[in-house]
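Engineer: I'd like to ask some things about the structure below.
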Amino acid sequence: MSGGGARDAILALARRLAREAGALQRERYEEHHEIDTKSAAVDLVTEVDRACEALVVAAIEKERPGDAILAEEGGGQDRPGAEWRWVIDPLDGTTNYAHSYPRFCVSIGVERAGRSEVGVVYDPLLDELYHAVRGAGAFRNDRPISVTEEPELSRALLATGFAYDRRASEIDNLDHFGDFLKSSRALRRDGSAALDLCYVACGRLDGYWELKLQPWDVAAGSLIVEEAGGRVSDFAGRALAGSAVQILASNGHIHEAMREVLRRSG
Ligand code: IPD
Ligand code: CA
Ligand code: CA
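Here the sequence shown stands for residues 329 to 594, where the numbers follow this note's numbering.
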């Protein structure tokens, strides 16, 4: 199959799996959950994270057995030399999910030779499916989306998040949080990095930054922001190159002003 044909098939599969995993999240949303912890007491995983990952990984293994899979809960297959790699966050917003706070999603990014080609994020409660294909734009429920035109940081609505090592680490984002609180119109911390990125892409937010994220948090959302006309970089303005130790995503117009604030408190 040609690269374009393969991409279309991958997009269709990613969309189907995001909807299937999302349906599972929606069905079990208000049930009692089994909650375990991972890297820290505040880093949670539920049986629904695991069930969503199992569903998505099993389907990819069946339909595309040669592809590599990086999945947050460890169910993926590292296949060195594979042309395509799936990067999956089966449930982004686990803390919200565990508390029945209605903001979480499924995030599926697909890379070819290390470069993002397809991104799909599905919010099952709002029934909003975001997708992007490199060079072909970004969409919510199949309608084109774009970032805001806002040029002034002082009028911008921003979002961020805090890493799971925040009780132990001094690099806790509170310095940046304080500076942006003073320099923007308002801040949000809503607990799903993938949705934060999609909200920048569709203009509900003007900018977003965070530290110490993992590839699965940003694989789909970063492409969706770029394809919606926004900019994604590290705090120094460089391309992310796989890691997400620092991420700054914006409408492009306020990117340098946000970098300046991050420099000040960094
Ligand atoms: C988390 C969420 C949260 C962000 C954390 C992430 P998870 O992912 O995206 O918004 O602040 O840093 O780890 O654990 O819910 O998949
Ligand atoms: Ca995540
Ligand atoms: Ca997750």
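The beta carbon of each residue, even a glycine, is placed where N, CA and C say it ideally should be.
#1: Compare the C-alpha of Phe467 against each of Pro408, Tyr527, Ala487 and name the closest.
#2: Any heavy atom of ligand 1 closer than 8 Å to the CB of Asp395?
#3: Indicate the three-state DSSP secondary structure (helix, strand or coil) for Arg344 in the structure shown.
#4: Thinking just about the alpha-carbon of each residue, which of Gly350, Glu355, Val376 is nearest to the one in Glu362?
#5: Per DSSP, what are the beta-bridge partners of His459 in this structure?
#6: Just to check, is the beta-carbon of Phe505 closer than 8 Å to a non-hydrogen atom of ligand 1?
#7: Tell me the rounded alpha-carbon separation between Arg559 and Ile436.
#8: With distances taken Cα to Cα, identify the nearest neighbour of Glu554 among Leu539, Lys540, Tyr458.
#9: Among residues of its own chain, excluding the 5 on either side of Phe490, which ones have a beta-carbon nearer than 6 Å to its beta-carbon?
#10: Suppose you measure from the CA of Asp507 to the CA of Gly333; what does that come to, to the nearest Å?
#11: For the beta strand (DSSP E) containing Tyr536, list its first residue and its last residue.
#12: Any idea if Ile473 is buried or exposed, counting beta-carbon neighbours within 10 angstroms, 16 or more meaning buried?
#13: In whole angstroms, what separates the C-alpha of Thr476 from that of Glu584?
#14: Regarding Gly421 and ligand 2, is the C-beta to nearest heavy atom distance less than 8 Å?
#15: Check whether the Cβ of Asp534 lies closer than 8 Å to any heavy atom of ligand 2, and answer yes or no.
#16: Output needed for Leu541: all residues of its chain with C-beta closer than 7 Å, excluding positions within five of it in sequence on either side, in chain order.
#17: Excluding the five sequence neighbours on either side, which residues of its own chain have a C-beta within less than 6 Å of the C-beta of Ser550, listed in chain order?
#18: Would you kindly work out how many angstroms separate the C-alpha atoms of Ala484 and Ala386, rounded to a whole number?
#19: How is the beta strand (DSSP E) around Asp417 delimited, first residue to last?
#20: Less than 8 Å between the CB atoms is what I'm expecting for Leu568 and Leu533, so what's the real figure, rounded?
#21: Excluding the 5 residues preceding and the 5 following Leu525 in the sequence, name in chain order all residues of the same chain whose CB lies nearer than 6 Å to its CB.
#22: If you follow the beta strand (DSSP E) that Val475 is in, where does it begin and where does it stop?
Structural biologist: From the atom records:
#1: Considering only alpha carbons, the answer is Tyr527.
#2: False, no ligand heavy atom lies under 8 Å from that Cβ.
#3: Helix.
#4: The shortest C-alpha separation from Glu362 is found at Val376.
#5: For His459, DSSP records a beta bridge to Val448, Phe467.
#6: At a threshold of 8 Å, Phe505 does not count as near ligand 1, since its beta carbon sits no closer than that to any of the ligand's heavy atoms.
#7: Arg559 and Ile436: Cα-Cα distance of roughly 20 Å.
#8: The shortest C-alpha to C-alpha distance from Glu554 to any of Leu539, Lys540, Tyr458 is the one to Tyr458.
#9: Around Phe490: Asn501.
#10: Roughly 47 Å separates the two Cα atoms.
#11: 535-541 is the span of the beta strand (DSSP E), which, as asked, contains Tyr536.
#12: Buried.
#13: Near 15 Å, if we compare the C-alpha coordinates of Glu584 and Thr476.
#14: Yes, the beta carbon of Gly421 sits closer than 8 Å to at least one heavy atom of ligand 2.
#15: No - ligand 2 has no heavy atom lying nearer than 8 Å to the Cβ of Asp534.
#16: The beta carbon of Leu541 sits closer than 7 Å to those of Ala521, Ala572, Ile575, all from its chain and outside the five residues before and after it, given in chain order.
#17: Taking Ser550 as the centre and dropping the five residues before and after it, the same chain places the C-beta of Val560 closer than 6 Å to its C-beta, in chain order.
#18: About 42 Å.
#19: Going by DSSP, Asp417 is part of the beta strand (DSSP E) stretching over 412-420.
#20: Their Cβ separation, rounded to whole angstroms, is 18 Å, which puts Leu568 and Leu533 out of contact at 8 Å.
#21: Gly549, Val553, Ala577, listed in sequence order.
#22: Where Val475 is concerned, there is no enclosing beta strand (DSSP E), given that its DSSP letter is neither H nor E.
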